[in-house]
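Its first residue numbered 1, the sequence shown is counted upward by one per residue in UniProt numbering.
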Amino acid sequence: MHDALTLIVVLLGSAVAAVVLFRRLGMPPILAYLLCGLAAGPFGFGGITDLEGIQHVAEFGIVFLLFTLGLEFSIPRLLTLRRVVFGAGPLQVILTGLAVFAVMRLLGFSPLTSGITGCALSLSSTAIVIRELIGRGAVNTGYGRASTGILLFQDLAAVLMLVLLPLFSQENSDNLLGMTALTLGKSLLLFVGIFVVGKWVLPRLLEETGRTRSDEVFVMTALLLALVAAWVTHWLGLSMALGAFLAGMMLGESHFRHQIEADLRPFRDLLLGLFFISVGMLVDPDLFAAKWHWIIIAAASIMLFKVVLIMVLLKTLGERTEVSLRSGLILSQCGEFGFVLVALAVSHDVMTPGKAGLLVSITVLTMSVTPALIHNSGRLTRALLRPWLSVPDDAPVSKDIQGHVILCGYGRVGQNLMRYLANFHHQAIAVDLDIVRLQEASAAGERILYGDASRKDILERAGIERARLLVVTFDNARLAERIIHTVRDINPDIRVLVRTRDETHLESLTEAGAAEVVPEVLEASLMLVAHALMMLDVPFERVLATLRKTRRERYRMLRGYYHGDSFPTADSAGNPYRLLHAVTLTGKARAIGLSIEECSLKDVEIREIKRHGQGEENPDRDTRLQEDDTLILYGPLEAVEAAEGKLLGG
Numbered sequence: 001m002h003d004a005l006t007l008i009v010v011l012l013g014s015a016v017a018a019v020v021l022f023r024r025l026g027m028p029p030i031l032a033y034l035l036c037g038l039a040a041g042p043f044g045f046g047g048i049t050d051l052e053g054i055q056h057v058a059e060f061g062i063v064f065l066l067f068t069l070g071l072e073f074s075i076p077r078l079l080t081l082r083r084v085v086f087g088a089g090p091l092q093v094i095l096t097g098l099a100v101f102a103v104m105r106l107l108g109f110s111p112l113t114s115g116i117t118g119c120a121l122s123l124s125s126t127a128i129v130i131r132e133l134i135g136r137g138a139v140n141t142g143y144g145r146a147s148t149g150i151l152l153f154q155d156l157a158a159v160l161m162l163v164l165l166p167l168f169s170q171e172n173s174d175n176l177l178g179m180t181a182l183t184l185g186k187s188l189l190l191f192v193g194i195f196v197v198g199k200w201v202l203p204r205l206l207e208e209t210g211r212t213r214s215d216e217v218f219v220m221t222a223l224l225l226a227l228v229a230a231w232v233t234h235w236l237g238l239s240m241a242l243g244a245f246l247a248g249m250m251l252g253e254s255h256f257r258h259q260i261e262a263d264l265r266p267f268r269d270l271l272l273g274l275f276f277i278s279v280g281m282l283v284d285p286d287l288f289a290a291k292w293h294w295i296i297i298a299a300a301s302i303m304l305f306k307v308v309l310i311m312v313l314l315k316t317l318g319e320r321t322e323v324s325l326r327s328g329l330i331l332s333q334c335g336e337f338g339f340v341l342v343a344l345a346v347s348h349d350v351m352t353p354g355k356a357g358l359l360v361s362i363t364v365l366t367m368s369v370t371p372a373l374i375h376n377s378g379r380l381t382r383a384l385l386r387p388w389l390s391v392p393d394d395a396p397v398s399k400d401i402q403g404h405v406i407l408c409g410y411g412r413v414g415q416n417l418m419r420y421l422a423n424f425h426h427q428a429i430a431v432d433l434d435i436v437r438l439q440e441a442s443a444a445g446e447r448i449l450y451g452d453a454s455r456k457d458i459l460e461r462a463g464i465e466r467a468r469l470l471v472v473t474f475d476n477a478r479l480a481e482r483i484i485h486t487v488r489d490i491n492p493d494i495r496v497l498v499r500t501r502d503e504t505h506l507e508s509l510t511e512a513g514a515a516e517v518v519p520e521v522l523e524a525s526l527m528l529v530a531h532a533l534m535m536l537d538v539p540f541e542r543v544l545a546t547l548r549k550t551r552r553e554r555y556r557m558l559r560g561y562y563h564g565d566s567f568p569t570a571d572s573a574g575n576p577y578r579l580l581h582a583v584t585l586t587g588k589a590r591a592i593g594l595s596i597e598e599c600s601l602k603d604v605e606i607r608e609i610k611r612h613g614q615g616e617e618n619p620d621r622d623t624r625l626q627e628d629d630t631l632i633l634y635g636p637l638e639a640v641e642a643a644e645g646k647l648l649g650g
């Protein structure tokens, strides 16, 4: 009991620390669990040699993974993407698996080991890819739909692999075809049975459970459903994962889906973490050190092969070259189901831990570069395709066009602005670096040039000397500042309007020469204020006057806010964020009796003094501070902390 408790504490403690660190580094938490397993396993520092008990418990992580995968598996979505799912999906899995199988056989590995390796490396990481696509709002883009379609088939293929692997691992495989047919027949019968139970029995059971209004009962019911489905398939001689997946798929169309998923997520994540830790224990660092060059070559080869294959398959199905290549880059890694297959193969004694460790190392290496690859997939796609893409004619704007507007960036904001300018009969020219967007907009008859808007020759081609207004529509303060300086050298009289996310760069952009800076977060706040006041029957004239006054004062009233626990001290460019902070002058505070001027606060502004329940905004510099005054300070975090120390203690 003592040893088991020590083991649990060590594994959980190291997992928590590793996941926090990997989150900070932007790396998948799966890699953190694998690292913990490596450290705690027989080849690491922990020296845990008896993995059987851990693996038995970890198998339930796979059960819950497949159950929640079934919950998320949407048959209507499958049919919507059927061209990619049943076209590119099976060809990608089969061709990748066959290629890996052929290479492994040439290297002298057994047919079974080669087949398992081919199956494992043919799959991509659903967890990483879908999370990244959702985080970037790219699920409904062309490459997002193509990637999702292939992943849907890969998930189906993974379930089939998990069902058939125990069959192929049996020593007596003389009647393999008959046993496979029997297994598939059992699976079909199980599907029908679970479909009937899931459609007519489970909803009523869950409704009765819901009427108890007890969270404990509902959680226990959700756990029971997943485990009973796994037990039934295990009793039939099939994979526990299959039953869990089918049960989840049947419940996925019910209105209980989201609640069940939320209730089971903690159990799934905990047990999955334990599963990936057990997989990490298979990795031998000495073996990696001896074979590191082969591991890198294998990882690079499988990723390159997948990129080319997926690009060709999607291109054959009629997808654009850019979408096909970007989808290939996104799906080039190996996935977490590869770990599942490897662990299952080791547990059935059809793969040695050494070979499994090599396979895990290759998979980990491909997964570790995936977040950065997805983040830069658009830029990499444009760079690779630029020599072959036809860029629409970007001849200089006719000299007959006078007083037009130049839009730097033609994303969603730029396109919306172009439409309104057209409605008011103002001519506009857009400048953008996205070749796909350039082709689409040019085909629609839009005036758009390809190039970097901070370059002098590009702006001259857009007719900057004759333009009346230039608008920076993207949120990149450093690039916007370079554009302003370039514009001022060519046409000092043109007005420049800049979009930013918040007020962080407002002063620097204004000093550079921007006529107006529009912080979108503050404008959104201002619109909420306006709507709220009008819904409270404040006269429209007063609301409009408030908006004008706020903008005229450069959003002074809206700038700064009380930060939370995760408030960053600086933005990505290293510029300090500004915040609001309240300081109350207690009886021993040094500043009592002094004027604001005499306090000599550096880089900090006193926005308001609250005294006896009343507030005085923007107090005079001669105002003397009293005991129990509450001062609202505004400025960078370090300056505010220094000012607080000076006010209270000197």
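From the three backbone atoms N, C-alpha and C, an ideal C-beta is built for every residue, glycine too.
Being a predicted model, the structure only gives us computed values, none of them experimental.
Limits of the unbroken alpha helix (DSSP H) element including K399:
Locating residue 399 in the sequence shown gives position 399, where the first residue counts as 1. From DSSP, K399 is part of no alpha helix (DSSP H); its letter is neither H nor E.
Which whole-angstrom value describes the C-beta separation of C36 and L65, a residue pair presumed to lie in contact below a C-beta threshold of 8 Å?
On the sequence shown, position 36 is the one that residue 36 refers to. On the sequence shown, position 65 is the one that residue 65 refers to. At roughly 18 Å, the Cβ-Cβ gap does not stay under 8 Å, so C36 and L65 are not in contact.
Whole-angstrom C-beta distance between A32 and V19, which should lie under 8 Å:
Within the sequence shown, the letter at position 19 stands for residue 19. Within the sequence shown, the letter at position 32 stands for residue 32. V19 to A32, Cβ: 5 Å. Contact.
By DSSP, does A428 sit in helix, in strand, or in coil?
Taking the first residue of the sequence shown as 1, we reach residue 428 at position 428. Strand at A428.
Of all the CB atoms in chain C, is at least one closer than 8 Å to the CB of F22?
This model lacks chain C altogether; it includes just one protein chain.
Looking at C-alpha atoms only, which residue of L325, A441, G338, G354 is the closest neighbour of M161?
Counted from its first residue, the sequence shown places residue 161 at position 161. Answer by Cα proximity: G338.
Residue of K355, L91, D493, L407 minimising C-alpha distance to A453:
Mapped onto the sequence shown, residue 453 falls at position 453. For the residues K355, L91, D493, L407, the minimum Cα distance to A453 belongs to L407.
Local Cβ density within 10 Å of Y420, reported as buried at 16 or more and exposed below that:
Counting from one through the sequence shown, the residue named residue 420 turns up at place 420. Exposed: under 16 other Cβ atoms inside 10 Å.
Tell me the rounded alpha-carbon separation between Q92 and V518.
By 1-based counting over the sequence shown, the position of residue 92 is 92. By 1-based counting over the sequence shown, the position of residue 518 is 518. Roughly 47 Å separates the two Cα atoms.
Contacts around A462, its chain only, beta-carbon distance under 7 Å, and the 5 residues preceding and following it disregarded
Here residue 462 is taken as the residue at index 462 of the sequence shown, counted from 1. So the qualifying residues of the chain are V397, I406, I429, V431, L449.
The segment 259-267 in contact with the segment 84-91 per 3-pair CB rule at 8 Å
no
Rounded straight-line distance, which links the Cα of L21 to that of P29:
Numbered from 1 along the sequence shown, position 29 holds the residue referred to as residue 29. Numbered from 1 along the sequence shown, position 21 holds the residue referred to as residue 21. Cα-Cα distance, rounded: 9 Å.
Nearest neighbour of L271, chosen from T584, F60, F153 [CA to CA]:
What you label residue 271 is simply residue 271 of the sequence shown in a count that begins at 1. Nearest of T584, F60, F153 to L271, Cα basis: F60.
Contacts around M418, its chain only, beta-carbon distance under 6 Å, and the 5 residues preceding and following it disregarded:
Sequence index remark: in the sequence shown, residue 418 carries index 418 (1-based). Around M418: A428.
How would you label A515, buried or exposed, when you count the other beta carbons within 10 angstroms and need 16 or more for buried?
Start at 1 with the first residue of the sequence shown, and residue 515 comes out as number 515. Counting Cβ neighbours within 10 Å, A515 comes out exposed, since fewer than 16 surround it.
When you compare the CB positions of E598 and E608, do they come within less than 8 Å of one another, or not?
Start at 1 with the first residue of the sequence shown, and residue 598 comes out as number 598. Start at 1 with the first residue of the sequence shown, and residue 608 comes out as number 608. For E598 and E608, no; Cβs fall outside 8 Å.
Please state the DSSP three-state secondary structure of I494.
Taking the first residue of the sequence shown as 1, we reach residue 494 at position 494. Coil.
State the start and end residues of the unbroken beta strand (DSSP E) segment that holds A582.
Here residue 582 refers to the residue found at position 582 of the sequence shown. 578-584 is the extent of the beta strand (DSSP E) around A582.
With burial defined as no fewer than 16 other Cβ atoms inside 10 Å of the residue's Cβ, what is the status of V139: buried or exposed?
Counting from one through the sequence shown, the residue named residue 139 turns up at place 139. Label assigned to V139: exposed.
In angstroms, rounded to a whole number, what distance separates the CA positions of L585 and D620?
Sequence index remark: in the sequence shown, residue 585 carries index 585 (1-based). Sequence index remark: in the sequence shown, residue 620 carries index 620 (1-based). Rounded to the nearest angstrom, the two C-alpha atoms are 18 Å apart.
With a threshold of 16 other CB atoms inside 10 Å of the CB of P371, please say whether the residue is buried or exposed.
As a position in the sequence shown, residue 371 is number 371, starting the count at 1. Its Cβ being crowded by 16 or more others within 10 Å, P371 is buried.
Option in L580, M535, F540, E541 with minimal Cα separation from M557:
What you label residue 557 is simply residue 557 of the sequence shown in a count that begins at 1. Among L580, M535, F540, E541, the Cα nearest to that of M557 belongs to L580.
Please state whether the Cβ-Cβ distance between R495 and L522 is less than 8 Å.
Sequence index remark: in the sequence shown, residue 495 carries index 495 (1-based). Sequence index remark: in the sequence shown, residue 522 carries index 522 (1-based). No, the pair does not count as a contact, with Cβ atoms beyond the cut-off.
Return the chain-ordered list of same chain residues with a C-beta closer than 6 Å to the C-beta of A230, the five sequence neighbours on each side being excluded.
The residue you call residue 230 lines up with position 230 of the sequence shown. Excluding residues within five positions, the ones whose Cβ falls inside 6 Å are V63, M240, G243, A244.
Under the three-state reduction of DSSP, which class applies to I464: helix, strand or coil?
As a working mapping, residue 464 is identified with position 464 in the sequence shown. It is coil, neither helix nor strand.
Across which residues does DSSP place R556 in a beta bridge pair?
Working through the sequence shown from its first residue, we reach residue 556 at position 556. Partner(s): none; R556 has no beta bridge.
Where G248 falls: helix, strand or coil (DSSP)
Residue mapping note: residue 248 aligns to position 248 of the sequence shown, counting from 1. Correct three-state label for G248: helix.
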